[in-house]
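Following the numbering used here, the numbering of the sequence shown begins with 293 at its first residue and continues without gaps.
Below is one structure, written out as structure tokens, with a few remarks after it.
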Amino acid sequence: METEQDRLRAADLALAEAQEAARTAAPDAGGRLTAWLAASERLERALAPKQARSLFDPDRLAAAANRRLPPGAS
Numbered sequence: 293m294e295t296e297q298d299r300l301r302a303a304d305l306a307l308a309e310a311q312e313a314a315r316t317a318a319p320d321a322g323g324r325l326t327a328w329l330a331a332s333e334r335l336e337r338a339l340a341p342k343q344a345r346s347l348f349d350p351d352r353l354a355a356a357a358n359r360r361l362p363p364g365a366s
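Here's what the structure looks like:
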């Protein structure tokens with residue numbers, strides 16, 4: 293069974309491929325971007341309800357990165 297992490301990796305790869313197609317003016321670049329957008333919308337809808345539990349929140353990550361570590365924790 294494909295996990296959400298698997299789907300995210302696949303979406304990342306598909307976007308990178310679509311970007312490369314656009315950079316090189318490949319004839320299928322528009323189609324690749326359209327397909328990626330459609331697939332990413334489905335993935336976004338599946339992930340949106342879980343967003344509050346996500347650790348990948350730029351504000352939370354920035355706050356965590358700026359916190360001091362306790363002594364001896366390096």
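Glycine included, every Cβ here is placed at the ideal spot set by N, Cα and C.
#1: Under 8 Å, do residue 303 and residue 310 count as touching if we go by C-beta distance?
#2: Where residue 355 and residue 342 are concerned, what is the direct C-alpha to C-alpha distance, given to the nearest angstrom?
#3: In whole angstroms, what is the alpha-carbon distance linking residue 329 and residue 315?
#4: In the DSSP assignment, the alpha helix (DSSP H) including residue 301 goes from what residue to what residue?
#5: Residue 361 lies in the alpha helix (DSSP H); which residues open and close that run?
Reading from the atomic positions:
#1: Position 11 of the sequence shown, counted from the start, is the residue given in the question as residue 303. Position 18 of the sequence shown, counted from the start, is the residue given in the question as residue 310. If you check the CB distance, residue 303 and residue 310 do not come in under 8 Å.
#2: Residue 355 sits at position 63 when you count from the first residue of the sequence shown. Residue 342 sits at position 50 when you count from the first residue of the sequence shown. The alpha-carbon atoms of residue 355 and residue 342 are separated by roughly 20 Å.
#3: As a working mapping, residue 329 is identified with position 37 in the sequence shown. As a working mapping, residue 315 is identified with position 23 in the sequence shown. The straight-line gap from Cα to Cα measures roughly 17 Å.
#4: Residue 301 sits at position 9 when you count from the first residue of the sequence shown. Unbroken alpha helix (DSSP H) run through residue 301: 296-315.
#5: Along the sequence shown, one-based indexing puts residue 361 at 69. Element bounds for residue 361: n/a, residue is neither H nor E.
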